[in-house]
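K.L.:
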Amino acid sequence: MRHLNDKTPADVDLDKYQSEAEQHEYVEDLGAIDTEDSTRWLSVGVDIAEQGRAGTFIQKDCSVIHSKARQEGVEVMGISAAIKTHGWLAPYLWKHISPSKDQFTQAAKTKPHEGYFIRSLPGAKILQPVQACLYIAKEGFAQNVHNVIIAEEDSEMHIITGCSTSRHLITGLHVGVSEIYVKKNATLHFTMIHEWGEQINVRPRTAIHVEEGGVIVSNYISLHPVGSLQMSPVTILDGKGAVARFNSILVASAGCHLDVGATVYLNYPDTRAEIISRAITMGGTIIARGEMIGKVAGCKGHLECKGLILRDGLMHAIPELKGYVPGVEMSHEAAVGKIDQREIEYLMARGLDEDEAVSTIVRGFLNVDIEGLPSGLTAEIDRAVTETQKDMM
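Numbering (this note's numbering), first residue to last: 229 to 621.
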């Protein structure tokens with residue numbers, strides 16, 4: 229599989245951040261968690277009550293403060309513990325992401341701060357989501373984590389990762405190296421809800437390997453202010469019938485810079501890929517990327533990027549399709565614009581005031597039909613969208 233070696237600009241000065249933080253105590257009973265922290269976690273879908281959850285992982289700064297599986301067939305632990313537990317795991321780390329890719333992967337390699345290991349065992353059906361929280365509490369801290377997810381053969385798993393910072397935090401950096409393996413005929417639903425801070429820089433680096441008949445559905449949601457975010461997971465569909473679907477819902481307020489994309493290599497017949505983006509700028513910058521590379525006949529892919537400009541900002545859609553042989557089927561659709569005044573007038577004629585009409589249109593725009601999510605997880609996404617509407621109005 230191709231490494232992620234494309235260079236990215238050194239747009240963040242790592243020397244401005246601290247690489248050490250105090251150790252936080254392990255918390256066996258999540259009910260003892262500070263209310264301020266638990267409230268922040270709940271806003272990104274991580275519930276300390278653990279209702280409807282198959283397992284929980286929580287990391288605060290560089291400390292794993294809780295890690296537990298609540299259902300048979302799933303493993304949840306810190307990456308250091310996982311390496312000690314499983315002698316076979318080490319080759320999975322840095323297999324598809326080169327530490328030399330950029331300064332952020334180098335930092336994750338040389339100054340690591342844990343990360344999670346989540347695995348569904350062969351044949352297991354983990355229908356309730358495993359929840360994972362990566363949380364920054366220390367001012368000016370650079371959190372460098374390395375995560376590994378493995379969906380073993382014929383298994384099914386849902387994961388929700390909620391990433392956030394303490395309310396008092398002003399500056400910080402999150403670097404998240406994630407390597408995801410979807411084995412033969414396995415299905416993984418991976419949902420990320422992020423709520424950082426107005427001066428927090430976020431640099432996820434993700435590689436995904438999908439075997440024959442495997443399915444990865446990745447949902448990314450960023451609706452609140454963040455200083456800058458740059459991410460573009462690379463997925464290799466490395467077996468017949470492998471499928472990748474990416475959905476992103478993005479909102480950028482003034483001062484925010486979001487550069488979000490996905491790249492999918494369709495290397496086998498009957499592979500399919502879909503990249504769907506919904507983005508709204510309220511004065512910030514959004515660069516929505518999507519790239520598909522079709523290598524064999526019989527592969528199919530579709531890119532769709534739609535953006536709304538509610539206040540002066542930048543919406544930049546960059547769809548790319550690369551086909552190398554006859555028989556490749558790939559398409560893209562991109563649209564950037566404003567809310568149609570006729571739609572507002574139509575709703576106002578039916579009794580809504582102007583703010584209610586705009587809110588209704590925005591909600592419909594942000595709603596992306598995501599197949600296969602548990603009802604509880606769908607409710608989490610709906611709640612996040614609803615709260616964002618209130619902020620907009």
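Idealized CB from N, CA, C, for every residue including glycine.
Checking 8 Å against the spacing of the C-beta atoms, do H544 and I567 come in under that value?
P.N.:
Not a contact, by the Cβ cut-off of 8 Å.
K.L.:
So which of G469, G512 and A480 has the shortest CA-CA distance to K528?
P.N.:
Considering only alpha carbons, the answer is G469.
K.L.:
Taking the CB atoms as reference points, tell me whether P497 and A525 lie closer together than 8 Å.
P.N.:
Yes, the pair counts as a contact, with Cβ atoms nearer than the cut-off.
K.L.:
Among the candidates S481, I477, H437 and G280, whose CA atom is the shortest distance from the CA of I387?
P.N.:
Of the listed residues, the one whose Cα sits closest to I387 is G280.
K.L.:
Restricting to Cα atoms, I'd like to know which of M510, S348 and D265 is closest to A482.
P.N.:
Of the listed residues, the one whose Cα sits closest to A482 is M510.
K.L.:
When burial is assigned at 16 or more other CB atoms within 10 Å of the CB, is I377 buried or exposed?
P.N.:
That one is buried.
K.L.:
Helix, strand or coil: which one does DSSP assign to D243?
P.N.:
Three-state DSSP puts D243 in a helix.
K.L.:
For A318, is the classification buried or exposed, using 16 other Cβ atoms within 10 angstroms of its Cβ as the cut-off for buried?
P.N.:
A318 is exposed by the Cβ-count criterion.
K.L.:
Name the residue from E423, L457, G467 and Q427 whose alpha carbon lies nearest to the alpha carbon of L451.
P.N.:
That would be E423, whose Cα lies nearest to the Cα of L451.
K.L.:
How many Å lie between V478 and F593 at the Cα?
P.N.:
Reading off the sequence shown, one finds Leu at residue 478, where the question assumed Val. Whole-angstrom Cα-Cα distance: 11 Å.
K.L.:
Which of the three DSSP states, helix, strand or coil, is assigned to K337?
P.N.:
DSSP places K337 in helix when its eight states are reduced to three.
K.L.:
Would you call A563 buried or exposed, if buried means 16 or more other Cβ atoms sit within 10 Å of its Cβ?
P.N.:
Answer is exposed; the Cβ neighbour count stays below 16.
K.L.:
Classify S559 as buried or exposed, calling it buried when 16 or more other Cβ atoms lie within 10 Å of its own Cβ.
P.N.:
Per the 10 Å Cβ criterion, exposed.
K.L.:
Alpha carbons only, please: which of G518, P453, D289 and G273 is nearest the one belonging to E367?
P.N.:
With distances taken between Cα atoms, E367 lies closest to D289.
K.L.:
Please report the straight-line C-alpha distance between P547 and G565, rounded to a whole angstrom.
P.N.:
So the two alpha carbons sit approximately 16 Å from each other.
K.L.:
Report the three-state DSSP secondary structure of P547 (helix, strand or coil).
P.N.:
Here P547 sits in strand by DSSP.
K.L.:
Are the beta-carbon atoms of Q356 and Q427 separated by less than 8 Å?
P.N.:
No, they are not a contact pair.
K.L.:
With DSSP run on the structure shown, which of helix, strand or coil describes G351?
P.N.:
Coil at G351, not helix or strand.
K.L.:
Secondary structure at P319, three-state DSSP: helix, strand or coil?
P.N.:
Helix at P319.
K.L.:
Can you tell me whether Y552 is helix, strand or coil according to DSSP?
P.N.:
In this structure, Y552 counts as coil in the three-state DSSP scheme.
K.L.:
Helix, strand or coil for I398, going by three-state DSSP, please let me know.
P.N.:
Residue state, collapsed to three classes: coil.
K.L.:
Buried or exposed: R506, going by 16 or more other Cβ atoms within 10 Å of its Cβ?
P.N.:
Buried.
K.L.:
Measuring straight from C-alpha to C-alpha, what distance separates T629 and I464?
P.N.:
This structure leaves residue 629 out entirely; the chain is present only between 229 and 621.
K.L.:
Based on the DSSP secondary-structure assignment, which residues constitute the bridge partners of P461?
P.N.:
Per DSSP, none; premise fails for P461.
K.L.:
Is it buried or exposed, E248, if we count other Cβ atoms within 10 angstroms and call 16 or more buried?
P.N.:
Exposed.
K.L.:
Mind checking who R473 pairs with in its DSSP beta bridge?
P.N.:
Answer by DSSP bridge pairing, in chain order: V445 and E502.
K.L.:
Under 6 Å Cβ to Cβ from V492, same chain only, skipping five residues before and after it: list those, please.
P.N.:
Cβ neighbours of V492 beyond the five flanking positions: T463, A472, A501 and M520.
K.L.:
Mapping DSSP to helix, strand and coil, what is Q299?
P.N.:
In this structure, Q299 counts as coil in the three-state DSSP scheme.
K.L.:
By the DSSP assignment, the alpha helix (DSSP H) with Y574 in it spans what residues?
P.N.:
Residues Q569 to M576.
K.L.:
A562: beta carbon under 7 Å from a heavy atom of the ligand MG?
P.N.:
With respect to the ligand MG, the structure offers nothing, as it holds no ligand at all.
K.L.:
Using a Cβ-Cβ cut-off of 8 Å, state whether H314 counts as contacting chain C.
P.N.:
Among the chains of the structure shown, chain C does not appear; only one protein chain is present.
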